[in-house]
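These notes concern the structure reproduced below.
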Amino acid sequence: MMKHEEWVAKYKDLMDNRQLAVCANAKKLPNGEFGLCYLLLKEDFINVYDTDMNGTLFDLLYSINIKQISNLKSSSFIFNPYLKFDYDNFTYKFADFGNGKLFLSELIKSL
819 MMKHEEWVAK YKDLMDNRQL AVCANAKKLP NGEFGLCYLL LKEDFINVYD TDMNGTLFDL
879 LYSINIKQIS NLKSSSFIFN PYLKFDYDNF TYKFADFGNG KLFLSELIKS L
């Protein structure tokens, strides 16, 4: 597993200058995917990438326009962090992400 700084350096082009990303457990995605993924903020988009236990990013699964999100619900509470929102006639659900307080704060500011 690479260190956080190494991870950010490797994937910096996939994020904007805020360099905000969280690893999460996808609970509900439009094509039935679930499991580990990374959520990266880039300008007005949340980009959802497939990942593995080592933090390697694979395919871009979804690019979600933050300005078109509705019904956003979230919590950064340590025992049950989650993110849930509606986008393009579907409810996305993510859970179990660590250190997501800043990510959620920036997401909410972008709405």
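In the numbering used here, the protein residues as written are 819 to 929. Glycine residues also receive a C-beta, built at the ideal position from the N, C-alpha and C atoms.
Can you tell me whether residue 839 is buried or exposed, with buried defined as 16 or more other CB within 10 angstroms of its CB?
On the sequence shown, position 21 is the one that residue 839 refers to. Classification of residue 839: buried, given that the 10 Å Cβ count is 16 or more.
Any idea what DSSP makes of residue 919, helix, strand or coil?
Here the question's residue 919 lines up with position 101 in the sequence shown. Three-state DSSP puts residue 919 in a helix.
Less than 8 Å between the CB atoms is what I'm expecting for residue 854 and residue 833, so what's the real figure, rounded?
Looking up residue 854 in the sequence shown gives position 36. Looking up residue 833 in the sequence shown gives position 15. That belief does not hold up - the Cβ atoms of residue 854 and residue 833 are roughly 18 Å apart, past 8 Å.
For residue 877, collect the residues of the same chain with a Cβ closer than 6 Å to its Cβ; drop the 5 residues on either side in sequence, then sort them by chain order.
Mapped onto the sequence shown, residue 877 falls at position 59. Taken in chain order, the residues that qualify are 868.
What three-state label does DSSP hand residue 821 in the structure shown?
Your numbering for residue 821 matches position 3 in the sequence shown. It is coil, neither helix nor strand.
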